[in-house]
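Engineer: In short: position in the sequence shown from 1, add 29, done, that's the working numbering.
Cβ coordinates follow ideal geometry from the N, Cα and C atoms, glycine included.
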Amino acid sequence: NWMQASNIVVKNINLMSQVKISAEAVVIVQLVESLVDFIINFVILVIFSLLFGYFLTYYYLYLPLIFAIIIVTTLGGMFFISSLGVFIRDIPTLLSMVLRLLFFVSGVIITPDMLPQDIQGFLWLNPLLQMIEAVRNLVIYSKAPTFQSILYMASFSILVFWGGYSHFKKRQGVFVDYQ
């Protein structure tokens, strides 16, 4: 989502200036498009899990909350990056490197328990790791996230959304000038 968001405003600048579609709508449509794709893939995952003998537990009821936190975080990041993409045209190149780094430090490839104890504490400060581990623990291990981790993730999510949207709104008035 963030890679696509980096130039979504630039790609649709004519549409926004001629038809008067809001810049927020362009970013939100991009997110909704990705969400539809995610939902279809998640339903397929659940169907195959059931076919192979994995049963849904009541812990799956936490998933909408965790997904809402992830969606709000993603939307805030998309607002920030899409507004940066208007002014810094090379943002996709920089973003690909940053996302690759995040891929390694957020627990996608290496889980925290695979690393030494003194590094694990540092990694748990990463809210993206908390989100990934919450989904992993719910789906694979049927373990509920703690209240503290939900509060930490939600606080981070609200902060990212507020910061990203504030940055977006501040610069939105000059988007058309940077065609």
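Taking LEU90 as the reference, give the member of PRO174, TRP191 and MET182 with the closest Cα.
Structural biologist: In the sequence shown, the residue the question calls residue 90 occupies position 61. Ranking the options by Cα distance to LEU90, first place goes to PRO174.
Engineer: Please report the distance separating the alpha-carbon of ASN41 from that of TRP191.
Structural biologist: On the sequence shown, position 12 is the one that residue 41 refers to. On the sequence shown, position 162 is the one that residue 191 refers to. The straight-line gap from Cα to Cα measures roughly 23 angstroms.
Engineer: Shortest alpha-carbon distance to TYR87 belongs to which of PHE197, LYS172, VAL203 and HIS196?
Structural biologist: The residue labelled residue 87 in the question sits at position 58 within the sequence shown. Among PHE197, LYS172, VAL203 and HIS196, the Cα nearest to that of TYR87 is on LYS172.
Engineer: Within 10 Å of its beta-carbon, does MET107 have 16 or more other beta-carbons around it, so buried, or fewer, so exposed?
Structural biologist: To locate residue 107, count along the sequence shown from 1; it is residue 78. Classification for MET107: buried.
Engineer: Under the rule that 16 or more other beta-carbon atoms within 10 Å means buried, what is GLU62, buried or exposed?
Structural biologist: Translated into positions along the sequence shown, residue 62 becomes position 33. With fewer than 16 Cβ atoms within 10 Å of its Cβ, GLU62 is classed as exposed.
Engineer: What residues in its chain sit with their C-beta under 6 angstroms from that of LEU154, if we drop five residues either side in the sequence?
Structural biologist: Residue 154 sits at position 125 when you count from the first residue of the sequence shown. Closer than 6 angstroms at Cβ, skipping near neighbours: no residue.
Engineer: For ILE139 and PHE133, which I take to be in contact (beta-carbon distance under 8 angstroms), what is that distance rounded to the nearest angstrom?
Structural biologist: What you label residue 139 is simply residue 110 of the sequence shown in a count that begins at 1. What you label residue 133 is simply residue 104 of the sequence shown in a count that begins at 1. Right, the Cβ-Cβ distance comes to about 7 angstroms (below 8 angstroms), so this counts as a contact.
Engineer: Where are the alpha helix (DSSP H) runs, 4 residues long or more, that stay fully inside the segment 75-158, in chain order?
Structural biologist: 92-116, 120-134 and 146-152
Engineer: Counting pairs of beta carbons, one from the segment 89-105 and one from the segment 46-66, are three or more of them closer than 8 angstroms?
Structural biologist: yes
Engineer: When the Cβ atoms of the segment 67-81 are set against those of the segment 160-167, are three or more pairs found closer than 8 angstroms?
Structural biologist: Contact between the segment 67-81 and the segment 160-167 is absent, because fewer than three Cβ pairs lie under 8 angstroms.
Engineer: Take ALA183 and list the residues in its own chain whose beta-carbon comes closer than 8 angstroms to its own, dropping the five residues that flank it on each side.
Structural biologist: Mapped onto the sequence shown, residue 183 falls at position 154. Result list for ALA183: ILE98, in chain order.
Engineer: Could you check how far apart the C-beta atoms of SER111 and VAL38 are, in whole angstroms? I think they sit under 8 angstroms.
Structural biologist: Residue 111 sits at position 82 when you count from the first residue of the sequence shown. Residue 38 sits at position 9 when you count from the first residue of the sequence shown. Their Cβ separation, rounded to whole angstroms, is 5 angstroms, which keeps SER111 and VAL38 in contact under 8 angstroms.
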